[in-house]
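Chains as they are written, first to last, in full-length UniProt numbering: chain A, 1 to 521; chain U, 1 to 340.
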């Protein structure tokens, strides 16, 4: 149903140069899952081009194909009009495509100068010429308006500076095509401005920049054209002035918008009703040094409380204290009016609290075990190992939850690591739902999963709340928090700055303002 | 889309957090140097005859082969890998050399290149397996360790004593310096290897790639560095060094025996760690490894001078030292806090 619009030149009036990099009909599969299906992309010299799409739309996969990390299964790549196939990043670099990844991919143990030039060090008599190395690195950084001690280990600089060093390296390798994969996700406002100045300067020098981000305002601030992907397909290519933030979002999420909006209406209608009476959980002045400042939080039965805030604002830290995953330094927690101490997850589980971790691979699921084994894990732990669940009981539970949550493949004996991200998330949810928790803490439950699974998980959260479960919902995506939550606690710099009742007056802008200014306006 | 929230897990405290990272990587090295001086001082005070330059040179004479082997191990450890096969490779080299020279009557000049080639080739083969099949270096080199040790017995189950006049003459050559001090030829070879390794590690692209690989392998790959070649090369270097170490040990012992160099892989790794190289890779100095070897030799010398101690005390002290140094590495923050 998605019809890729014919790509048109960004400037229909004037003649355009040939694209410096063009991808046509790119196809890519991972273990039977189609990640990219006939995707096309064109990059012209002297433009900043945004690649947009929801999580799981295929942005990262496309970037990896363009930069030689994963070879494509089908389609053609043209560099300066000539077909190319990259077997590894080195070949892509030689063809003039440099990449700066979201996580800085440099070596913290080497000096700044070495990080910029390693592999291409100036040499004299076959040996690395260290003074020339320092000189060239310093020159290069100066050209980009950066003043750094190039002999210091990279790891001693801030993440933002490391990011800029990564760009300096990429530019020195080749200034033809520069791919920036979410370079701003860990930078603050000023650092972003510094980065953008650099990107604009490179663009004016004739570089083609492919910019991947999930910050809409940055796209409108910086980019000339946008390519939108949805569910692994090309949705279209647009000049930025033909789009508004609203139309861009619609193109990114497509038909799912309606279902989700229905949910949103319900949460808002019910918002007022939930927040009265004795809360299930009451936290007062709860704190952990270096992680989260003292905060107060009430969560009622049947209520969804959202935790909103930027990356690193203390969302996860706040949630972990309520599960005993980290122990609090101060403050107190009451459950149904009774004061309790949640020192370890065991205490919390015993009180009916469940925690779905943000990092489902490292902290949640056991990839080598089957869906069935993963699902019964928490219930078995709660019963104690001396009272094992019978196999028949396990099968029954697994079948029930696979059906209820529509886990695919619907095979209780499939190994969890072969499941897609969304289905893994459902398995993790099933594990905790099986223990019939009174309070369910969900930390980024929809991160990195496709839009369909995302909608299902959101519906499930709404249903659970409807049935009387208290839910603490942590998410980086404001839309999602707004859609589901009855109340929203906003965090900034490890401090809870406001609690907003989601009565229809709360908009993403209002939350953003709260995050930006530290107070509800 | 966020990549995770900073500081979700408790970090170990870092008492040296205020020290600059550059200094921090050098602290273990300094500690080793101070330790060495302290041991020599204590020895000089306690034991008669300890305070002499020849005791110092004897350290090199008795440990030259270990120095060469440990230099090779340093390359591997710097990439974050490990090579457990070096001890067995040393033994294989001694047996191969002794057998070719004694039983087969080949000239030493022809045997040396052959043995070195065997060492480098087996190292390269292990490196290739580690890289191509993405297998833990620990497992692959463990297999190499058994293989090489086993091969020794297929050549000779008995110790082969060397009587070849050239070899014996070479082994007994003493190079005299001022004041009647002397060193053996293996010492010169070992020092040459050390200098060469230093230049390679710090002043060549290959050497810097070794450090990059140890710093972050996936970054190194994304930076377009030749990760595969470098990995294979460091194991080849390690194999080459153990073969050379084996040749030096043959001269030292004047025999080839399958039971030579039992556990030397652990001595080599211990010397590397005590010399300040992080087992996680990416940080360390080959000159530190030389200090590490000297510390190990010094402990042995201590035990010898004491006379009443069983030689197992050497092992006990090395074990304790290793523990201290590994904890020290941890405190120095070998692993940086997660980004974010």
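All residues carry an ideal CB built from backbone N, CA and C; glycine is no exception.
Less than 8 Å separating the beta-carbons of residue 53 (chain U) and residue 181 (chain U)? Taking the first residue of the second chain as position 1, residue 53 (chain U) is located at position 53. Taking the first residue of the second chain as position 1, residue 181 (chain U) is located at position 181. Against a cut-off of 8 Å, the Cβ pair of residue 181 (chain U) and residue 53 (chain U) comes out as a contact.
Thinking just about the alpha-carbon of each residue, which of A:40, A:19, A:35 is nearest to the one in residue 25 (chain A)? Reading the first chain from its first residue, position 25 is the one you call residue 25 (chain A). If we check each option's Cα against that of residue 25 (chain A), A:40 comes out closest.
Among A:483, A:403, A:328, A:496, which has the Cα closest to the Cα of residue 502 (chain A)? Your numbering for residue 502 (chain A) matches position 502 in the first chain. With distances taken between Cα atoms, residue 502 (chain A) lies closest to A:483.
Contacting residues, own chain, Cβ-Cβ under 6 Å from residue 44 (chain U) (five flanking each side not counted): Taking the second chain and counting its residues from 1, one reaches residue 44 (chain U) at position 44. Cβ within range, chain order: 50, 51.
Show which residues of chain A have a CB atom less than 8 Å away from the CB atom of residue 204 (chain U). Numbered from its first residue, the second chain carries residue 204 (chain U) at position 204. Residues of chain A passing the Cβ test: 126, 127, 128.
Report yes if the CB atom of residue 248 (chain A) is closer than 8 Å to the CB atom of residue 226 (chain A), and no otherwise. As a position in the first chain, residue 248 (chain A) is number 248, starting the count at 1. As a position in the first chain, residue 226 (chain A) is number 226, starting the count at 1. Result yes, Cβ atoms of residue 248 (chain A) and residue 226 (chain A) sit closer than 8 Å.
In whole angstroms, what separates the C-alpha of residue 125 (chain U) from that of residue 238 (chain U)? Translated into the one-based positions of the second chain, residue 125 (chain U) becomes position 125. Translated into the one-based positions of the second chain, residue 238 (chain U) becomes position 238. Those two C-alpha atoms are separated by around 12 Å.
Whose C-beta lies closer than 7 Å to the C-beta of residue 13 (chain U) among residues of the same chain, with five residues either side of it excluded? Counted from its first residue, the second chain places residue 13 (chain U) at position 13. Since pLDDT at residue 13 (chain U) reaches only 43, below the 50 mark, its modelled position is unreliable, and no value is offered.
Between A:336, A:251, A:342, A:118, which lies nearest to residue 173 (chain A) when the distance is taken from Cα to Cα? Taking the first residue of the first chain as 1, we reach residue 173 (chain A) at position 173. Per the Cα distances, A:118.
Report the three-state DSSP secondary structure of residue 434 (chain A) (helix, strand or coil). Looking up residue 434 (chain A) in the first chain gives position 434. Reduced to three states, the DSSP call for residue 434 (chain A) is coil.
May I ask you to report which of helix, strand or coil DSSP gives residue 9 (chain A)? Within the first chain, residue 9 (chain A) is the residue found at index 9, counting from 1. Only weak support exists for where residue 9 (chain A) lies, its pLDDT of 44 falling under 50; the value from the coordinates is given anyway. DSSP places residue 9 (chain A) in coil when its eight states are reduced to three.
Mind checking which residues open and close the beta strand (DSSP E) that includes residue 33 (chain A)? By one-based count along the first chain, residue 33 (chain A) stands at place 33. That run of the beta strand (DSSP E) goes 33–43.
In whole angstroms, give me the CA-to-CA distance for residue 149 (chain U) and residue 241 (chain U). The residue given as residue 149 (chain U) occupies position 149 in the second chain. The residue given as residue 241 (chain U) occupies position 241 in the second chain. C-alpha separation (whole angstroms): 17 Å.
For residue 219 (chain U), go through chain A and note every residue whose CB falls closer than 7 Å to its CB, in chain order. The residue labelled residue 219 (chain U) in the question sits at position 219 within the second chain. Those are 105, 106, 107, listed as they occur along chain A.
Inspect the beta-carbon positions of residue 278 (chain A) and residue 337 (chain A) and report whether they are closer than 8 Å. Taking the first residue of the first chain as position 1, residue 278 (chain A) is located at position 278. Taking the first residue of the first chain as position 1, residue 337 (chain A) is located at position 337. In this structure, residue 337 (chain A) lies closer than 8 Å to residue 278 (chain A) by Cβ.
Same chain, Cβ closer than 6 Å to residue 261 (chain U), neighbours up to 5 away in sequence not counted: The count along the second chain starts at 1 and reaches residue 261 (chain U) at position 261. These residues qualify, in order along the chain: 87, 90, 91.
Against chain D, with Cβ distances strictly below 8 Å, would residue 201 (chain U) count as a contact? Judged by its chain identifiers, the structure shown contains no chain D, and its protein chains are A and U.
Give, in chain order, every residue of the region 210–228 of chain A whose Cβ lies closer than 7 Å to some Cβ of chain U. 214
Please classify residue 299 (chain A) as buried or exposed, where buried requires at least 16 other C-beta atoms within 10 Å of its C-beta. Taking the first chain and counting its residues from 1, the one referred to as residue 299 (chain A) is at position 299. Buried is the call here.
Taking any Cβ of chain U, which residues in the region 153–184 of chain A have a Cβ under 7 Å from it, in chain order? 153, 155, 156, 159
Looking at the structure shown, is residue 211 (chain U) part of a helix, part of a strand, or coil, going by DSSP? Locating residue 211 (chain U) in the second chain gives position 211, where the first residue counts as 1. If DSSP states are grouped into helix, strand and coil, residue 211 (chain U) belongs with the helices.
Among residues of its own chain, excluding the 5 on either side of residue 82 (chain U), which ones have a beta-carbon nearer than 6 Å to its beta-carbon? Residue 82 (chain U) sits at position 82 when you count from the first residue of the second chain. So the list reads 137, 138, once near-sequence residues are dropped.
Taking a contact to mean a Cβ-Cβ separation below 8 Å, would you say residue 150 (chain A) touches residue 204 (chain U) in this structure? Here residue 150 (chain A) refers to the residue found at position 150 of the first chain. Here residue 204 (chain U) refers to the residue found at position 204 of the second chain. Against a cut-off of 8 Å, the Cβ pair of residue 204 (chain U) and residue 150 (chain A) comes out as no contact.
Between residue 222 (chain A) and residue 48 (chain A), how many whole angstroms is the CB-CB distance? I'm expecting something under 8 Å. Numbered from 1 along the first chain, position 222 holds the residue referred to as residue 222 (chain A). Numbered from 1 along the first chain, position 48 holds the residue referred to as residue 48 (chain A). About 5 Å separates the two Cβ atoms, so the contact holds.
So which residues on chain U does residue 396 (chain A) lean against when the C-beta distance must stay under 9 Å? Within the first chain, residue 396 (chain A) is the residue found at index 396, counting from 1. By Cβ distance, chain U contributes nothing, its closest Cβ being about 35 Å from residue 396 (chain A), past 9 Å.
What are the boundary residues of the beta strand (DSSP E) that includes residue 52 (chain A)? Translated into the one-based positions of the first chain, residue 52 (chain A) becomes position 52. 48–52 is the extent of the beta strand (DSSP E) around residue 52 (chain A).
Using a C-beta cutoff of 8 Å, does residue 225 (chain U) count as contacting chain A? If you number the second chain from 1, residue 225 (chain U) lands on position 225. Output row for residue 225 (chain U): interface = yes.
Under 9 Å Cβ-Cβ, which residues of chain U neighbour residue 118 (chain A)? Translated into the one-based positions of the first chain, residue 118 (chain A) becomes position 118. Those are 205, 208, 209, 211, 212, 220, 223, 225, listed as they occur along chain U.
Spell out whether any CB of chain A is found under 8 Å from the CB atom of residue 80 (chain U). In the second chain, counting from the first residue as 1, residue 80 (chain U) sits at position 80. Closer than 8 Å: no.
Rounded to the nearest angstrom, what separates residue 117 (chain U) and residue 108 (chain U) at their Cα positions? Position 117 of the second chain, counting from 1, holds the residue named residue 117 (chain U). Position 108 of the second chain, counting from 1, holds the residue named residue 108 (chain U). Rounded to the nearest angstrom, the two C-alpha atoms are 14 Å apart.
List, in chain order, every chain U residue whose beta-carbon is nearer than 7 Å to that of residue 90 (chain A). Here residue 90 (chain A) corresponds to residue number 90 of the first chain, with the count starting at 1. Residues of chain U passing the Cβ test: 224.
Report the three-state DSSP secondary structure of residue 19 (chain A) (helix, strand or coil). Residue 19 (chain A) sits at position 19 when you count from the first residue of the first chain. Three-state DSSP puts residue 19 (chain A) in coil, outside helix and strand.
Range of the contiguous beta strand (DSSP E) that encloses residue 298 (chain A): In the first chain, counting from the first residue as 1, residue 298 (chain A) sits at position 298. That run of the beta strand (DSSP E) goes 292–299.
Apart from the five residues just before and just after residue 362 (chain U), which ones in its own chain have a Cβ nearer than 7 Å to its Cβ? This structure cannot settle anything about residue 362 (chain U), because the visible part of chain U is limited to 1 through 340.
Should residue 211 (chain U) go down as buried or exposed, given a rule of 16 or more other Cβ atoms within 10 Å for buried? Working through the second chain from its first residue, we reach residue 211 (chain U) at position 211. The residue is buried, with at least 16 neighbouring Cβ atoms inside 10 Å.
Within 8 Å of any Cβ in chain A, is that where the Cβ of residue 288 (chain U) sits? Position 288 of the second chain, counting from 1, holds the residue named residue 288 (chain U). No, residue 288 (chain U) does not count as interfacial toward chain A.
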